[in-house]
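A.B. asks: With my numbering as the guide, the letters of the sequence shown map in order to residues 10 to 225.
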Amino acid sequence: MSTMIYFCRRILVSSIVLVITGSLYADEKSTETAASLPAATPASQQKKEVPPHVVELVQGRLSLPVPGQWPVVKPRNRIIKHEFSVPAAKGDTVPGRMTIMSAGGSIEANIARWVGQFRTAEDKALGEKDKSIQKIKIGQLEVHLVDLKGVFQDQPRGPFGPKVARPDYRMLAAIIPAQKGGTWFVKLYGPQQTIQKASKQFQAMIKNIVIAEPKG
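1. Which of the three DSSP states, helix, strand or coil, is assigned to F263?
2. Check whether the stretch 149 to 160 and the stretch 116 to 130 touch, using three or more Cβ-Cβ pairs below 8 angstroms as the test.
3. Would P74 and V64 qualify as a contact pair, given that the criterion is a beta-carbon distance under 9 angstroms?
4. Any idea what DSSP makes of I218, helix, strand or coil?
5. Since M214 and P104 are thought to touch, with beta carbons under 8 angstroms apart, how far apart are those beta carbons, to the nearest angstrom?
6. Around the Cβ of T203, are there at least 16 other Cβ atoms within 10 angstroms (buried) or fewer (exposed)?
7. For I142 versus I120, is the C-beta spacing smaller than 9 angstroms?
8. Assess, as a yes-or-no matter, whether the stretch 171 to 182 is touched by the stretch 190 to 208 under the definition of 3 or more beta carbon pairs within less than 8 angstroms.
9. Suppose contacts are defined by Cβ-Cβ distances below 9 angstroms. Is R90 in contact with S72 by that definition?
10. Looking at the secondary structure, which residues open and close the alpha helix (DSSP H) in which I9 lies?
11. Rank V152, R166, R122 and R179 by C-alpha distance to the C-alpha of K138 and give the top, closest one.
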């Protein structure tokens, strides 16, 4: 009888040891698995894609995909059809400004006027290193791209208002000649760091102009 009790105790002890060992092993594997998994990114830190503002020009024959991160603002005057605020880069105190409008005058005359709105820090006319003018083809359109930097002679109150000198400014502009729809001017200007940060988005916006297929 005592022998049987002895063996029963041995079996009971062995069972308890197996249960404890198995539990510890399972906990260890669970910890290893959890540690090997990448940490989840909080929802607040995940970047959400913002759809673009689709600006239709020439009664929908041209569409311009303006970056969705650039807020729509009320145009300063009636000449401007669409206006957007471009978020300031770190270190800049004011945002950039982008306007879309249709106007008369030759392409060359408008470019010359824009160049004349900039001066060097020494109050001289811009040299070649401070300006770039080129042409690109987008479908059947020949688009002029202008890049200027220096001291910008801003006129926040309109073309007849007083001038305000803005040092370290830059302008990116595109001139889009639309057949039977006039010439459209897209201008982005502001502090150089802000415009530099937005430059790739501006270029992508222009190169991704959608030209509607003619009906019929």
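The C-beta atom is built at its ideal place from N, Cα and C for all residues, glycine as well.
C.D. replies: In terms of the structure at hand:
1. Nothing about residue 263 can be read from this structure; the chain reaches only from 10 to 225.
2. With a cut-off of 8 angstroms, the stretch 116 to 130 and the stretch 149 to 160 count as touching, because enough Cβ pairs lie within range.
3. Taking 9 angstroms as the Cβ cut-off, P74 and V64 qualify as a contacting pair.
4. Three-state result, I218: coil.
5. Between M214 and P104 the beta-carbon gap is near 17 angstroms, outside 8 angstroms, which marks them as no contact.
6. Counting C-beta atoms within 10 angstroms of its own C-beta, T203 has 16 or more neighbours from the protein chains shown and is therefore classed as buried.
7. For I142 and I120, yes; Cβs fall inside 9 angstroms.
8. Two segments are said to touch when three or more pairs of C-beta atoms, one from each, lie closer than 8 angstroms; by this definition the stretch 190 to 208 touches the stretch 171 to 182.
9. For the sequence presented, residue 90 should be read as Lys rather than Arg. K90 places its beta carbon 9 angstroms or farther from that of S72.
10. Any answer about residue 9 is impossible in this case: the structure gives the chain only from 10 up to 225.
11. Looking at the Cα atoms, R179 is the closest of the given residues.
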